[in-house]
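The numbering of the sequence shown is our numbering, which starts it at 93 and goes up by one.
Glycine included, every Cβ here is placed at the ideal spot set by N, Cα and C.
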Amino acid sequence: MRALGLEGRVPRADLWALLGVLLGLLAITLPELGSDPWPFRPGTVEPRGPLAPLVRAAGEEWDVGIARSACFLAALGLGLLGAASLRRRDWPGWVGAALTLGVALALLLPSTLLQVGLRDATQPWFHTNDSIYQIELAGDLLRAGENPYGHDYRFSGMERFYSFDGSASEEDRNREVSLEHYAYFPGTAIVSALWRLLPRPLDDFRLFVLLMTLGGFLAALAFRAPLGWRLAIGALVVANPIAVRSAWFGQNDAPSITMMILAFALLSRGRYRWAAASLASAVLLKQFAVVAVPFLALMLVTRGVGRAELRRCALVFCAVLGAGMLPFFLADPVAFYEDTVKFGAGTYKIVGYGLSGLLVRAGILDGRDDSYPFAIVALLTWLPLTAWLLVQQHRARELWPGAAAFSISILVLLFIGRTFNNYYLVWPMMGAAIAALLYAGERPEGGAGRSFRT
């Protein structure tokens with residue numbers, strides 16, 4: 093408890109604020125929980141293993157009833173606790189943490205476990221996401237001593253995902269360009285290789301994503317900030333609708349986001365080299381975390397870290413990043429570049445409602461397979477904006493503007509990218525959450541930190 097700062101008491105007013113945040117998250121998430129899944133047609137479903145009872149309870153098909161019932165029961169439990177709190181002035185800190193984790197589990201577990209159970213009852217290309225499936229395949233390749241970069245995935249089983257009925261066709265093999273590229277940084281393949289050692293169905297990578305989503309709450313608790321702030325913002329981190337959907341649907345941002353949040357938390361506690369290692373791990377798990385590097389580095393300067401310690405932090409960052417990345421780069425530098433950089437920026441089709449999608453709708457670009465000058469757009473817009481944000485961060489002489497500036501920078505970068513998926517918005521949202529936690533910790537009245545303004 094002491095390591096997470098939960099030894100204090102939660103006043104009744106703070107508990108009610110936390111209940112309000114949690115009820116709000118439940119109310120926002122409930123109507124859409126489990127909606128819009130992939131339209132799989134697996135044919136035969138044979139429930140087995142520890143998740144067989146859940147699959148049978150759902151009628152051996154995707155069902156939103158169980159997940160939404162759990163969501164409503166969680167809301168009812170919060171209401172009952174709110175009634176009980178009317179007779180108490182305060183509560184132990186661990187009660188607030190338990191409430192938040194309970195709500196998060198009610199939102200995350202039913203849908204994720206049902207997806208995993210249905211996949212286990214059918215075939216690995218059903219009831220999953222192509223990104224998760226490919227990460228698992230990359231882990232299997234790594235365990236077999238093969239390089240996931242430059243690998244041909246057209247005959248791996250992944251091609252059967254795109255038909256939704258398990259069939260494989262040459263049309264799908266030639267149309268789906270992701271079958272010829274592994275777009276994720278090496279951390280995903282390394283973790284997958286280890287995770288796949290677990291027995292089936294626990295080896296489903298979405299369970300790792302779920303655990304790391306829960307870890308985001310613990311990372312929020314690690315900040316130097318008043319307990320009420322950490323609980324409320326931690327609830328937003330772990331139980332926001334994007335995080336909930338990502339766990340069962342199969343989006344893999346949570347591990348990187350959690351490590352990035354932890355990096356900022358460690359910096360706020362003066363654990364600078366651990367912060368550098370955590371941020372390097374975040375980059376290894378998702379390219380987007382690279383954007384946080386200059387802002388966190390400047391925060392070290394704001395904190396008054398000496399040159400010798402800055403060099404040590406840079407060495408730790410490069411050592412962790414190099415240990416995870418260099419073996420793959422040296423094995424095949426062309427394949428590594430084409431898969432992780434060129435594919436996302438110029439090969440994959442234009443997706444979403446970002447700038448590239450708007451240009452397609454406006455007729456400026458011919459279609460979603462047309463070329464898009466991302467590098468030029470970034471050079472003219474995002475790079476100057478990021479430089480200006482770093483200047484403003486340096487002038488502020490506080491920590492929280494660094495996280496706020498990161499949030500703005502990555503929002504603009506994602507908007508101008510070739511691909512803009514809706515769930516990408518979780519990145520700037522987490523940047524704003526980090527900024528709020530740092531702000532709360534720096535307020536003198538919070539008793540948890542101080543301002544660095546000179």
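Strand pairing of residue i, partner residues [DSSP]
i      : result
Val518 : The partner list for Val518 (beta bridge, DSSP) is empty, contrary to what the question assumes.
Phe512 : Gly444
Pro386 : Per DSSP, none; premise fails for Pro386.
Residue i (DSSP reduced to helix, strand or coil)
i      : result
Arg489 : coil
Asp222 : helix
Arg101 : strand
Gly539 : No answer about Gly539 holds up, because its pLDDT of 43 lies below 50 and its placement is not dependable.
Asp212 : helix
Trp183 : strand
Leu110 : helix
Gly416 : helix
Asn266 : helix
Phe544 : Model confidence at Phe544 stands at a pLDDT of 32, short of 50, so the residue's coordinates are unreliable; what they give is reported in the following sentence. Three-state result, Phe544: coil.
Glu138 : coil
Tyr276 : coil
Ala527 : helix
Ala454 : coil
Asp232 : helix
Val301 : helix
Asp461 : coil
Ala314 : coil
Phe132 : coil
Gln343 : coil
Pro240 : coil
Ala193 : For the record, residue 193 in the displayed sequence is Leu; it is not Ala. Residue state, collapsed to three classes: helix.
Glu401 : helix
Residue i and residue j closer than 8 Å at C-beta
i      : j      : result
Leu376 : Phe277 : yes
Phe300 : Asn221 : no
Phe421 : Leu388 : no
Leu210 : Trp287 : no
Ala339 : Thr305 : yes
Ala312 : Leu114 : no
Ala479 : Ala527 : no
Closest by C-alpha distance to residue i, when choosing among the options
i      : options                           : result
Leu199 : Ala454, Arg160, Asp295 and Arg101 : Arg160
Gly308 : Ala479, Thr473, Met522 and Glu534 : Met522
Ile502 : Phe380, Cys410, Tyr364 and Pro347 : Phe380
Arg404 : Ser373, Val382, Ala369 and Phe387 : Ala369
Ser284 : Leu402, Phe409, Pro347 and Pro129 : Pro347
Pro142 : Ala311, Leu294, Leu286 and Ile468 : Leu294
Gly126 : Ala335, Ala527 and Trp474         : Ala335
Val187 : Val433, Gly416 and Leu110         : Leu110
Ala415 : Ile282, Trp474, Leu271 and Gly494 : Ile282
Ala167 : Ala144, Glu152 and Leu197         : Leu197
Ile500 : Leu289, Ala525, Asn513 and Glu490 : Ala525
Asp461 : Tyr254, Glu268 and Trp519         : Glu268
Arg361 : Leu201, Asn344 and Leu491         : Leu491
Leu122 : Cys410, Gly157 and Pro465         : Gly157
Leu201 : Cys163, Leu447, Gly509 and Arg322 : Cys163
Next on the checklist: Assess contact between the region 205-213 and the region 312-323, defined as three or more Cβ pairs (one per stretch) separated by less than 8 Å. Is contact present?
Outcome noted: no
Checklist entry - Okay, do the region 385-400 and the region 227-244 touch, 3+ Cβ pairs below 8 Å being the bar? => result no
Next on the checklist: Quick check: the region 189-197 against the region 121-137, are at least 3 beta-carbon pairs closer than 8 Å?
Outcome noted: no
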